[in-house]
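Trainee: If you scroll down you'll find the structure; I have some questions about it.
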Amino acid sequence: MPVASSGPEYDLLGYLDALPGQPLSHRPQESSAELPAGMASAFVQLAYPWVRTAGSADLPQGLAAPDGLLAGLLARSGLERSAFRSSAGLPVMDVHQLRPALRREQIDTLGQRVSLFVQTPGGFQLFSDVTTSLQSAYRQAPVNRLMAILVAAARRVGEDLLFENSGERLWGQVRDQLRWLLDGFRSAGALRGASAEQAYSVRCDRSTMTQNDIDNGRVIAHVRIDPAATVEAITVVLALDEGGGASLSMQR
């Protein structure tokens, strides 16, 4: 299971695969929603099926794990098209065969929570770019990648303002910097909406904090975004405290 990490937990993404050449489920009627609960995570993509390539001849059963193929495809797509765009439909090179072969109904079912490779008349390609999350808002992998980018960028905004005096002036700075950040995402096509008001909203004032928060130097901002790749809006909560901490949480 290759794992890529660039810092805090929300930057961690794992790629998993099943046993070589084995079906993901021995029950054809099993839904992807019935995958083991411990496998459900917005930070995990399950790649399937295994692949036969020119370089896999010396491997057991002549098959290569698909996780590396998925990681490479996502990395290439991120560099060429931005990480918040879906990689579904992109072609994969140097693949000669997929094992086991999946029926159409298996592809439709497993593709809801498994990143599948399929063979089409035009060649091999990624059919679904999804996580194993049980929450639909985080099942689309490009949305999860967008959230990881946004959370990391918002955290840097918070860290830059940690030692400012709490009050209306600081709250205004937080709002302005977050709006500037989000407008860049909207301009790049990551957020849906003809205007900034439709794509996102930012609140950082007395309505987002209790008097206890204010008295203890905590600053809390609520950010609501409408990712282009999902039908649901997502709220991000940025919290700063006088002890020098910056934390974030995400809500549907």
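Positions in the sequence shown are counted from 1; adding 69 to them yields this note's numbering.
Even for Gly, the Cβ is constructed at its ideal location relative to N, Cα and C.
Beta strand (DSSP E) containing Ser-270: first to last residue?
Mentor: Within the sequence shown, the letter at position 201 stands for residue 270. First-last of the beta strand (DSSP E) with Ser-270: 269-272.
Trainee: Closest to Ser-202 by C-alpha separation, out of Leu-195, Pro-211, Phe-196 and Gln-194, would be which residue?
Mentor: Within the sequence shown, numbered from 1, the residue matching residue 202 stands at position 133. Minimum Cα distance to Ser-202 is reached at Pro-211.
Trainee: Just verifying my parser: in three-state terms, what is the DSSP assignment at Leu-167?
Mentor: Position 98 of the sequence shown, counting from 1, holds the residue named residue 167. Of the three classes helix, strand and coil, the one that applies to Leu-167 here is strand, per DSSP.
Trainee: Of the residues Ala-111, Pro-160, Trp-249 and Phe-186, which one's Cα is nearest the Cα of Gln-204?
Mentor: The count along the sequence shown starts at 1 and reaches residue 204 at position 135. When each option's Cα is compared against that of Gln-204, the closest is Ala-111.
Trainee: Could you compute how far the alpha carbon of Gln-181 sits from the alpha carbon of Met-108?
Mentor: Against the sequence shown, residue 181 aligns to sequence position 112. Against the sequence shown, residue 108 aligns to sequence position 39. C-alpha separation (whole angstroms): 14 Å.
Trainee: I'd like to know if the segment 263-278 and the segment 242-252 are in contact, where contact means that at least 3 CB-CB pairs between them fall below 8 Å.
Mentor: Verdict: yes, contact present.
Trainee: Spatial neighbours of Ala-297 within its chain, please: CB distance less than 7 Å, with the 5 preceding and 5 following residues excluded, ordered by chain position.
Mentor: Within the sequence shown, residue 297 is the residue found at index 228, counting from 1. Contacts found: Gly-258, Ala-259, Leu-260 and Arg-261.
Trainee: Whose CA, out of Leu-185, Ala-222 and Pro-190, lies closest to the CA of Thr-200?
Mentor: As a first step, residue 200 must be located in the sequence shown, where it is residue number 131. Nearest C-alpha to Thr-200: Leu-185.
Trainee: Return the Cβ separation of Asp-295 and Ile-289 in integer angstroms, given the expectation that the two are a contact with Cβ distance under 8 Å.
Mentor: Here residue 295 is taken as the residue at index 226 of the sequence shown, counted from 1. Here residue 289 is taken as the residue at index 220 of the sequence shown, counted from 1. Actually they are not in contact, since the Cβ atoms of Asp-295 and Ile-289 sit about 21 Å apart, beyond 8 Å.
Trainee: By a C-beta neighbour count over all protein chains shown, 10 Å radius and 16 as the cutoff for buried, is Phe-153 buried or exposed?
Mentor: Residue numbering aside, residue 153 sits at position 84 when the sequence shown is read from its first letter. Phe-153 is buried by the Cβ-count criterion.
Trainee: Pick out whichever of Arg-208, Ala-206 and Met-162 has its Cα sitting closest to the Cα of Met-188.
Mentor: Your numbering for residue 188 matches position 119 in the sequence shown. Checking the displayed sequence, the identity of residue 188 turns out to be Gln instead of Met. Checked all of Arg-208, Ala-206 and Met-162; the closest Cα to Gln-188 is Met-162.
Trainee: Just to confirm my understanding: we take Ala-133, look at its own chain, exclude 5 residues before and 5 after, and list those with CB closer than 8 Å. What are they?
Mentor: Position 64 of the sequence shown, counted from the start, is the residue given in the question as residue 133. These residues qualify, in order along the chain: Trp-119, Val-120, Arg-121, Thr-122, Gly-124 and Ser-125.
Trainee: Pick helix, strand or coil for Leu-128, following the three-state DSSP scheme.
Mentor: Along the sequence shown, read from residue 1 onward, the residue named residue 128 stands at position 59. Coil.
Trainee: Kindly give me the distance between the Cβ atoms of Pro-160 and Gly-192, rounded to whole angstroms, as I take these residues to be in contact under 8 Å.
Mentor: Here residue 160 refers to the residue found at position 91 when the sequence shown is read from its first residue. Here residue 192 refers to the residue found at position 123 when the sequence shown is read from its first residue. Indeed, because the Cβ distance is near 5 Å, the residues count as touching under 8 Å.
Trainee: What does the Cβ neighbour count give for Pro-190, buried or exposed, with the cut at 16 atoms within 10 Å?
Mentor: Locating residue 190 in the sequence shown gives position 121, where the first residue counts as 1. So Pro-190 ends up on the exposed side.
Trainee: Hey, Thr-304 and Arg-287 are a contact pair by Cβ (cut 8 Å); roughly how many whole angstroms apart?
Mentor: As a position in the sequence shown, residue 304 is number 235, starting the count at 1. As a position in the sequence shown, residue 287 is number 218, starting the count at 1. That belief does not hold up - the Cβ atoms of Thr-304 and Arg-287 are roughly 18 Å apart, past 8 Å.
Trainee: Between Val-183, Asp-252, Tyr-207 and Ala-308, which has its C-alpha nearest Ser-264's C-alpha?
Mentor: Reading the sequence shown from its first residue, position 195 is the one you call residue 264. Selected option, being the one with the closest Cα: Asp-252.
Trainee: Is the beta carbon of Gly-158 sitting closer than 8 Å to the one on Gln-194?
Mentor: One-based indexing of the sequence shown puts residue 158 at position 89. One-based indexing of the sequence shown puts residue 194 at position 125. Against a cut-off of 8 Å, the Cβ pair of Gln-194 and Gly-158 comes out as a contact.
Trainee: Among Arg-145, Ser-151 and Leu-179, which residue has its Cα nearest to the Cα of Ser-256?
Mentor: Counted from its first residue, the sequence shown places residue 256 at position 187. The residue with the shortest Cα to Cα distance from Ser-256 is Ser-151.
Trainee: By DSSP, does Val-306 sit in helix, in strand, or in coil?
Mentor: As a first step, residue 306 is located in the sequence shown; it is residue number 237 there, counting from the start. Three-state result, Val-306: strand.
Trainee: Please identify the residue among Ala-308, Asp-198, Trp-240 and Ala-206 whose C-alpha is closest to the C-alpha of Ala-144.
Mentor: Along the sequence shown, one-based indexing puts residue 144 at 75. Of the candidates Ala-308, Asp-198, Trp-240 and Ala-206, the one whose C-alpha sits nearest the C-alpha of Ala-144 is Asp-198.
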